[in-house]
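Student: Pasting a structure here, questions to come.
There are 2 protein chains.
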Amino acid sequence: MARKIGMVGLGRMGANMARRMRDCGHEVVVVHDLRKEVAEELAAELACDAAPDLAAVTAAADLVFTVVTDDDAMRGIFTGDALLKDADGTVFVNCATVSPAVHEEVAGLCEAAGATSLEACMASSIPQARDGTLYLMIGGDESAFREIEGLLGDLSKSLRYVGETGRAAQVKALVNMVMNINTAALAEGLGLGKALGLDLELLCEVFSQTGANSRVLETDAEDMLARDHDCYFSAAHAAKDSGIANGLAVGAGVDVPLSKATEVQYRRLIDLGRGELDKSAVAELTFPGRLDDA
Amino acid sequence: MARKIGMVGLGRMGANMARRMRDCGHEVVVVHDLRKEVAEELAAELACDAAPDLAAVTAAADLVFTVVTDDDAMRGIFTGDALLKDADGTVFVNCATVSPAVHEEVAGLCEAAGATSLEACMASSIPQARDGTLYLMIGGDESAFREIEGLLGDLSKSLRYVGETGRAAQVKALVNMVMNINTAALAEGLGLGKALGLDLELLCEVFSQTGANSRVLETDAEDMLARDHDCYFSAAHAAKDSGIANGLAVGAGVDVPLSKATEVQYRRLIDLGRGELDKSAVAELTFPGRLDDA
């Protein structure tokens, strides 16, 4: 039997995932966001209900996607009289990048309520959510995963089951940790090249042909040169995700000096009031004179 | 008129470049290395002379390639009664990765001796030297470059003239700076993944599909997992090159915290007596338990 779908957290990721599921013929019945007008607008677009509170989401849907901002928000929606009220049989798919430990806490709360939680970690961004080409890693109960595998496949061009609850979040944390370091590294290389008066187009071409090449060279270099920091993945998110990885490293007794330096850089951007810029804005810290424009 | 070629510094790079030029029909007449037996062995292979000292190289050749280890070695061969004795008309092509300032010093010394120096920075390694597929960046006098462009093309799959003396070394320093950071970043990600008990093959696959992808993931990840640190590009070289970039950053007033942290990691490897391992050995610092094997 097809499940009735609810979506909690209507940022651009969540909204686009809901749109994509609707486009693929899945039954999106209810949406919710703390910003009531955002929920009502999307509900009108998708011809579904805007739930007045979290309990109303669970009452209307039996497959609930959540895309919230951070650990505290994740804990908030799963505690008290919220999503887990009368949640027996409900499957939750939690898509936020949060600490592995929070996924484990939530899994325990869900189990106690007769519900099931899966973690879905996404290593892609907003356009991929709209196109159904996310890179999705799933952790948690495998049979629950298999039941909705087809639907998740409609959201994803690459869907991987990676093991017990918390595993996907660990992998995601490591992906973002390395991505954030490589981004801050590129900002150092290009910023220093600029300070030396080098031809930065040439420098990027040389980087692309050599051991300096990286995915973030493709995605972020041009934006760094042009100071085009419209947000795909915010500096504040980068700080949070590097912080999660660094917390895991402390717990595991692994020394990660570069990742710690990277978190410091992204926290500097937040302190400068630029946390909502794209992560490419880390170049604002390394290109000569840019901070003076504040 | 075809130039008579000399090669100074017969490490694997220099020796392979000499072999490649001979294979392409160029006249390699003399080779030199501080290790006399190394020079004699290569001279026998190439049917040319082994010069007893540097002045004998310049006496026999009018196009001299140098591939030495560092700033001090570069200064050494160009001062006193060495390569620049009776060097009027000789063209030097200096291929070591040294500080931009040293290239400038050497260019001045050459000019005073009636000779010409070009800097040739290579963003590739030993197999590419043998196959003539180096990525070569040339700085210095453009007309001298144009005269030997065909010969340099036989060494290279991508040959770029990047401007005045020192420019190529700057570009090379930035390439290696970013490459070294990305390598140390990968070592942190994989080392932490190992400590968490993740499937590292899966983790590498996920990295390759996401924002964590990089050239060093392709070249170094497997070696990090397998602890296969046979040297292509040594940790000591990585420390030196990151140090050059960090020196440029100090001079330019650019803050490069990740590159500084990377230099510290590579210097730790040297301090642990592992400077002659490949740069992938930076993973020895981040994988749990590896340092205990010392």
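The listed protein sequences derive, respectively, from chains A and B.
For the first sequence, my numbering assigns the number 15 to the initial residue and increments by one for each residue that follows.
For the second sequence, my numbering assigns the number 15 to the initial residue and increments by one for each residue that follows.
Ideal Cβ positions, reconstructed from N, Cα and C, are used throughout, including at glycine.
On a predicted model such as this, the values are computed, not experimentally measured, just so you know.
(1) Any C-beta of chain B sitting closer than 7 Å to the C-beta of Tyr-149 of chain A?
(2) What does a CB cutoff of less than 6 Å around Val-43 of chain A pick up in its chain, not counting 5 residues either side in sequence?
(3) Short of 7 Å Cβ to Cβ, which residues in the stretch 194-224 of chain A face chain B?
(4) Hey, is Met-31 of chain B's beta-carbon within less than 7 Å of any beta-carbon in chain A?
(5) Mind checking whether Ala-101 of chain B and Met-193 of chain A have CB atoms under 7 Å apart?
(6) Is Val-264 of chain A buried or exposed, if buried means 16 or more other CB atoms sit within 10 Å of its CB?
(7) Just to confirm my understanding: we take Leu-3 of chain B, look at its own chain, exclude 5 residues before and 5 after, and list those with CB closer than 6 Å. What are they?
(8) Could you tell me if Gly-287 of chain B is buried or exposed, where buried requires 16 or more neighbouring beta carbons within 10 angstroms of its beta carbon?
(9) Per DSSP, what are the beta-bridge partners of Asp-168 of chain A in this structure?
(10) What residue does the beta strand (DSSP E) around Glu-133 of chain A start on, and which one ends it?
(11) Starting from the beta carbon of Leu-272 of chain B, find every residue of chain A whose beta carbon is closer than 7 Å, and list them in chain order.
(12) Along chain A, which residues have their Cβ under 8 Å away from the Cβ of Val-43 of chain B?
(13) Does Val-264 of chain A get closer than 7 Å to chain B when you measure Cβ to Cβ?
(14) Taking C-alpha atoms, which residue in A:Val-107, A:Glu-232, A:Arg-181 and A:Cys-245 lies nearest to Leu-291 of chain A?
(15) Along the chain, where does the beta strand (DSSP E) that runs through Ile-19 of chain A open and close?
(16) For Val-81 of chain A, does the three-state DSSP call read helix, strand or coil?
(17) Looking at the unbroken beta strand (DSSP E) that takes in Asn-108 of chain A, where does it start and where does it end?
(18) Can you tell me which of the three DSSP states Ser-113 of chain B falls into?
(19) Do Leu-77 of chain A and Val-105 of chain A have their CB atoms nearer than 7 Å?
(20) Return the first residue and the last residue of the beta strand (DSSP E) that Val-44 of chain B is part of.
(21) Would Met-238 of chain A pass as an interface residue toward chain B - the criterion being a Cβ-Cβ separation below 7 Å?
(22) Three-state secondary structure (DSSP) at Ala-65 of chain B?
(23) For Thr-111 of chain A, is the classification buried or exposed, using 16 other Cβ atoms within 10 angstroms of its Cβ as the cut-off for buried?
(24) Using a beta-carbon distance cut-off of less than 7 Å, what residues from the stretch 115-140 of chain A approach chain B?
(25) Going by DSSP, name the residue or residues bridged to Leu-210 of chain A.
(26) Nearest-angstrom Cα distance between Phe-301 of chain B and Leu-214 of chain B?
Tutor: Here's the rundown:
(1) So, interface residue.
(2) Sequence-distant Cβ neighbours of Val-43 of chain A in its own chain, meaning closer than 6 Å and more than five residues away, are Lys-18, Cys-62, Ala-74 and Ala-75.
(3) Taking 7 Å as the Cβ-Cβ cut-off against chain B, the residues of the stretch 194-224 of chain A that qualify are Ile-195, Asn-196, Ala-198, Ala-199, Leu-200, Glu-202, Gly-203, Gly-205, Leu-206, Gly-207, Ala-209, Leu-210, Leu-212, Leu-216, Leu-217, Val-220, Phe-221, Gln-223 and Thr-224.
(4) Contact with chain A is absent for Met-31 of chain B, since none of that chain's Cβ atoms lies less than 7 Å from the residue's Cβ.
(5) Going by C-beta atoms, Ala-101 of chain B is not nearer than 7 Å to Met-193 of chain A.
(6) So Val-264 of chain A ends up on the exposed side.
(7) For chain B, the structure presents residues 15 to 308; residue 3 of chain B sits outside this window and is missing.
(8) Burial call: exposed.
(9) For Asp-168 of chain A, DSSP assigns no beta-bridge partner whatsoever.
(10) Counted as a single uninterrupted DSSP element, the beta strand (DSSP E) harbouring Glu-133 of chain A occupies residues 130-136.
(11) Those within 7 Å of Leu-272 of chain B in chain A are Ile-195, Ala-198, Ala-199, Glu-202, Leu-272, Ala-275 and Thr-276.
(12) The premise fails here: Val-43 of chain B is roughly 32 Å from chain A at the closest Cβ pair, so nothing lies under 8 Å.
(13) Using beta-carbon distances, Val-264 of chain A does not count as an interface residue toward chain B, since no partner is under 7 Å.
(14) The candidate whose alpha carbon is nearest that of Leu-291 of chain A is A:Cys-245.
(15) From DSSP, the beta strand (DSSP E) with Ile-19 of chain A extends over 19-22.
(16) DSSP, read as helix, strand or coil, puts Val-81 of chain A in coil.
(17) Where Asn-108 of chain A is concerned, the enclosing beta strand (DSSP E) starts and stops at 105-108.
(18) Reduced to three states, the DSSP call for Ser-113 of chain B is coil.
(19) At the C-beta level, Leu-77 of chain A and Val-105 of chain A come within 7 Å of one another.
(20) Boundaries of the beta strand (DSSP E) harbouring Val-44 of chain B: 42-46, taken from the DSSP string.
(21) It does not; no Cβ of chain B falls within 7 Å.
(22) DSSP places Ala-65 of chain B in coil when its eight states are reduced to three.
(23) A residue is called buried when at least 16 other Cβ atoms come within 10 angstroms of its Cβ; Thr-111 of chain A meets this threshold and is buried.
(24) So the list reads Ala-137, given in the order they occur along the chain.
(25) DSSP, once it has assigned bridges, lists no residue as partnering Leu-210 of chain A.
(26) Approximately 12 Å between the Cα atoms of the pair.
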